[in-house]
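*Asks:* Under my numbering, think of the first position of the sequence shown as 73, with each following residue one higher.
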Amino acid sequence: MYEETPSAGIPGAVLWRTAGGGGVVLPDGCMDLLWVDGRLLVAGPDTGPHPAGEVHAGAVAGIRLAPGTAPALLGVPAHALRDLRVGLADLWPAREVRRLTGLVAGYGDPRAGLEALARARAAEAGPPDPLAAEVVAGLRAGRAVAAIAFAAGLGERQLHRRSLDAFGYGPRTLGRILRRALALADRGLPYAEVAYAAGYADQAHLAREVRALAGTTLTAYAGGAAGAKRETPQPSGSRTTA
């Protein structure tokens, strides 16, 4: 069982919970705060599929933060957490983490506790790098990385460095992750049509990207064999999965 709902208190964030540890978590450009067996964890930005049960075997709650917004809240650059799941106590002072653990535990629904934690922390930490939202918007609009850098008044190397801090990887990798190919495949569209709609060179290019991002073949994914947490909305509300 998996369910989610948009956060009312954190712009662009999504509250979610699952009652089982099966399936696969796919890259989405986001980072999550997790509540697992009474512990606070952080899921860093993914570059490939992760087994959903790698940090838990049962129920888990989380708040998925919009791409580029978590580093300011956590006080840690995203690239330091790429493809990792770590305890919040590894990032923040133990005394503070104990206090926050008690805060979340005091809520009947830990998702509400995670939302309160994120809201309080955001108020203290200040806003995220505004460039992150510009990069995400440009990539989702299909703009070239060079054009995004030019519009921001940056060189491509500068944009890459800023993107590593904000997203955990450069803008080209983020662009691959934000494409809508897997969501389109879920709708049963012909693969050639999916490749065209998602901006791939051809069906073979699409197949390679699905293998890299979902860890399975396009046919297996479309047929449900991946067991993935699919059709997971981005914090913006789009139907992108990878």
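The beta carbon of each residue, even a glycine, is placed where N, CA and C say it ideally should be.
Just so it is clear, the structure is predicted and the values come from calculations on it, not from any experiment.
#1: Around the C-beta of residue 101, are 16 or more other C-beta atoms found within 10 angstroms, so that it is buried, or is it exposed?
#2: Between 189, 111, 245, 200, which has its C-alpha nearest residue 144's C-alpha?
#3: Check whether the Cβ atoms of residue 211 and residue 246 lie closer than 8 Å to each other.
#4: For residue 77, collect the residues of the same chain with a Cβ closer than 6 Å to its Cβ; drop the 5 residues on either side in sequence, then sort them by chain order.
#5: Which residues bound the alpha helix (DSSP H) around residue 143?
#6: Quick one: is residue 103 buried, meaning 16 or more other Cβ sit within 10 Å of its Cβ, or exposed?
#7: Taking Cβ positions, are residue 190 and residue 135 nearer each other than 8 Å?
#8: Around the C-beta of residue 281, are 16 or more other C-beta atoms found within 10 angstroms, so that it is buried, or is it exposed?
#9: CA-CA distance, residue 288 and residue 81?
#10: In angstroms, rounded to a whole number, what distance separates the CA positions of residue 152 and residue 84?
#11: Can you give the Cα-Cα distance for residue 271 and residue 227, rounded to whole angstroms?
#12: Under the rule that 16 or more other beta-carbon atoms within 10 Å means buried, what is residue 75, buried or exposed?
#13: Who are the Cβ neighbours of residue 221 in its own chain at under 6 Å, not counting the five residues just before and after it?
#14: Considering Cα atoms alone, identify which of 197, 241, 112, 216 is closest to residue 162.
#15: With distances taken from CA atoms, which of 159, 107, 248, 196 is nearest residue 180?
#16: Is the CB-CB distance between residue 203 and residue 167 below 8 Å?
#17: Taking residue 111 as part of the alpha helix (DSSP H), name the residues at either end of that continuous run.
#18: Please report the straight-line C-alpha distance between residue 261 and residue 173, rounded to a whole angstrom.
*Replies:* The answer reads as follows:
#1: buried
#2: Selected option, being the one with the closest Cα: 200.
#3: yes
#4: 87
#5: 142 to 146
#6: Flag for residue 103 reads buried.
#7: yes
#8: buried
#9: 36 Å
#10: In a straight line, the C-alpha of residue 152 is about 22 Å away from that of residue 84.
#11: 24 Å
#12: exposed
#13: 228, 231
#14: Here the closest residue by C-alpha is 112.
#15: 107
#16: no
#17: Element bounds for residue 111: not the alpha helix (DSSP H) but the beta strand (DSSP E), 111 to 115.
#18: 45 Å
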